[in-house]
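There are 2 protein chains.
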Amino acid sequence: MAEVCKVHEEHEEKIAKVKEKLPNDELIVEMANFFDAFGDVTRLKILLALMEEELCTCDLSNITGLSVSAISHQLRVLKDRRIVNYRREGKNVFYRLDDEHIREILKIALKHLGE
Amino acid sequence: MAEVCKVHEEHEEKIAKVKEKLPNDELIVEMANFFDAFGDVTRLKILLALMEEELCTCDLSNITGLSVSAISHQLRVLKDRRIVNYRREGKNVFYRLDDEHIREILKIALKHLGE
DNA sequence: AGAACATTTGCACAATTGCTCAAATGAGAA
DNA sequence: TTCTCATTTGAGCAATTGTGCAAATGTTCT
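Chains as they are written, first to last, in our numbering: chain A, 19 to 133; chain B, 19 to 133.
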């Protein structure tokens, strides 16, 4: 790691205050995993597509132009992180966004980047 | 890549509709980079700390327990992606969240993960 | 039972990422 | 100018990640 810079003494109070308000490490890790799920082009494409409607693995492969396998791998990540939900219907598995927060976050980002 | 599954014919209309509504690739890449910035523990810690107040590189090194260099590398990522802003004051460089969307997104995620 | 098709999973590998270290740059004080 | 301290930058390296391939699993139909 590294040595502490000299301003540390001056900023000591401020630093202590911020440290205290910071969420605990476990929550931060969980939160990073949450965002990380949106931070890959393939997964994001999947999520944007699911904003429109429920879709199966094969549909998503079609839409993204990636192999079914690649999509399935990424769907697993999204499933594990509770960002998408799914239901089986016969041979197909249909995926959808897990809850309204997901849609909300996607919308804010779209607005932020000035769609 | 891969072959198309047989449902394609049945779902053709649906797929075309979703494809049409999807943002263009450039925007999707930009958006993925945006989210990716939040998707790393170090960068997320930086952002959560900056929710409280403006802080310099050295403060952030202190708060996160990481080397000044590591923090600086990550600040560059956040700067490049327009997620933080900065101003120089003497020897120090103070960073702050770039705009209200950033704070809003962090708040929704905190709420979503049930803080 | 078997065949057909959608999906998932494990493995392997290329590409990317985050960190440390050391050197460079910026800025104020002497 | 030189000294000192905060910050940035580039190189190198270990660790992680995303994908395709091939095999396995799940489900329906005959």
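Think of the CB as a built atom: it goes at the ideal place given N, C-alpha and C, for glycine as much as any other residue. Computed from a predicted model, the values in this text were never measured in an experiment.
Checking contacts by CB at 8 angstroms: is residue i closer than that to chain A?
i	result
residue 62 of chain B	yes
residue 95 of chain B	no
residue 98 of chain B	no
residue 31 of chain B	no
residue 70 of chain B	yes
For a test of the three-state rule: what should DSSP assign to residue i, helix, strand or coil?
i	result
residue 23 of chain B	coil
residue 9 of chain A	Since the first residue shown for chain A is 19 and the last is 133, residue 9 of chain A is missing from the structure and cannot be characterised.
Over the uninterrupted alpha helix (DSSP H) stretch that includes residue i, give me the two end residues.
i	result
residue 42 of chain B	Element bounds for residue 42 of chain B: n/a, residue is neither H nor E.
residue 121 of chain B	118-130
residue 94 of chain A	86-98
Provide the residue span of the beta strand (DSSP E) that contains residue i, from first to last.
i	result
residue 115 of chain B	110-115
Checking contacts by CB at 8 angstroms: is residue i closer than that to chain B?
i	result
residue 103 of chain A	no
residue 20 of chain A	Since pLDDT at residue 20 of chain A reaches only 46, below the 50 mark, its modelled position is unreliable, and the value read off the structure follows with that caveat. Interface residue, yes.
residue 136 of chain A	The requested residue 136 of chain A is not part of the displayed model; chain A covers only 19 to 133.
residue 125 of chain A	no
residue 130 of chain A	yes
residue 91 of chain A	no
Cβ-heavy atom distance between residue i and the ligand SAM below 7 angstroms?
i	result
residue 46 of chain A	Among the ligands in the structure shown, none appear at all, so the ligand SAM cannot be discussed.
Using 8 angstroms for Cβ pairs, my map puts residue i next to residue j. What's the rounded Cβ distance?
i	j	result
residue 70 of chain B	residue 36 of chain A	5 angstroms
residue 131 of chain B	residue 53 of chain A	Residue 131 of chain B to residue 53 of chain A, Cβ: 11 angstroms. No contact.
residue 106 of chain B	residue 72 of chain B	Not quite, the Cβ-Cβ distance comes to about 12 angstroms (not below 8 angstroms), so this is no contact.
residue 64 of chain B	residue 79 of chain B	Not really, about 10 angstroms apart at Cβ, beyond 8 angstroms.
residue 50 of chain B	residue 59 of chain A	5 angstroms
Using a Cβ cut-off of 7 angstroms, which residues of the stretch 39-65 of chain A contact any Cβ in chain B, in chain order?
-> 39, 40, 41, 45, 46, 47, 48, 49, 50, 52, 53, 54, 56, 57, 58, 59, 62 and 63
Using a Cβ-Cβ cut-off of less than 9 angstroms, give me the residues of the stretch 110-123 of chain A that come near chain B, in sequence order.
-> 110, 117, 119, 120, 122 and 123
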